[in-house]
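Student:
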Amino acid sequence: MKTQLTVRGNVATAPRRVVTDTGIVIAEFRLAATERFFNRQTEQWEDGNTSWYTVSAFRQLAENIFRSFTVGDPVTVTGKVSIKQWTSKDETKRGTTAEIVADTAGHDLMRGFTEFTRHTKNSPRVVDNSPADSPLVDHGWEEAEPMTA
1 MKTQLTVRGN
11 VATAPRRVVT
21 DTGIVIAEFR
31 LAATERFFNR
41 QTEQWEDGNT
51 SWYTVSAFRQ
61 LAENIFRSFT
71 VGDPVTVTGK
81 VSIKQWTSKD
91 ETKRGTTAEI
101 VADTAGHDLM
111 RGFTEFTRHT
121 KNSPRVVDNS
131 PADSPLVDHG
141 WEEAEPMTA
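The sequence shown runs 1 to 149 under my numbering.
(1) With DSSP as the reference, please indicate the residues paired to residue 7 in a beta bridge.
(2) Check whether the stretch 82-96 touches the stretch 29-38, counting contact only when three or more Cβ pairs, one atom from each stretch, lie closer than 8 Å.
(3) In three-state terms, what does DSSP make of residue 105?
(4) Assign residue 82 to one of three DSSP states: helix, strand, or coil.
(5) Of the residues 77, 94 and 113, which one's Cα is nearest the Cα of residue 151?
(6) Could you compute how far the alpha carbon of residue 11 sits from the alpha carbon of residue 66?
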């Protein structure tokens with residue numbers, strides 16, 4: 001059983017987008033979550049330890065992350081976390097990685113604001129924001145429409 005986790009942090013690497021042979025979109029990025037605490041002696045906020053996570057997302061969430069997140073963005077991610085042991089190919093390095101498979105993700109609105117754009121599915125179109133040598137994926141999305149109140 002995997003544990004559900006919500007993490008607030010900053011996007012540390014540009015989201016990478018991959019399309020599988022079966023057409024499933026996958027996005028992956030590193031997330032840095034740094035503890036903050038108030039130092040009563042100096043009366044200032046200070047940084048504590050940083051926890052690092054590898055975040056993966058699939059399908060529409062992956063596409064939206066790829067289109068929305070950039071390095072340094074404050075984000076919130078909720079998903080299933082697993083801890084994995086790894087060894088380098090030459091077996092000289094070993095380590096542990098926390099991986100989150102995201103169920104949802106978005107900008108951290110405690111630290112800024114964003115503009116939301118909803119996708120509609122009325123007519124198919126190809127979304128191409130990938131490198132020229134990447135396969136295109138037809139998500140069935142129309143041109144994005146801004147949300148109105």
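All C-beta atoms, glycine included, are put in the ideal place defined by N, C-alpha and C.
Just so it is clear, the structure is predicted and the values come from calculations on it, not from any experiment.
Tutor: In brief:
(1) Counting from 1 along the sequence shown, the entry for residue 7 is found at position 7. Answer is 77.
(2) no
(3) Position 105 of the sequence shown, counting from 1, holds the residue named residue 105. Looking at residue 105 - three-state DSSP - the assignment turns out to be strand.
(4) Start at 1 with the first residue of the sequence shown, and residue 82 comes out as number 82. Collapsing the DSSP output to three states places residue 82 in a strand.
(5) In the structure as shown, the chain begins at 1 and stops at 149. Residue 151 is therefore absent and cannot be evaluated.
(6) Sequence index remark: in the sequence shown, residue 11 carries index 11 (1-based). Sequence index remark: in the sequence shown, residue 66 carries index 66 (1-based). When rounded, the distance between both Cα atoms is 11 Å.
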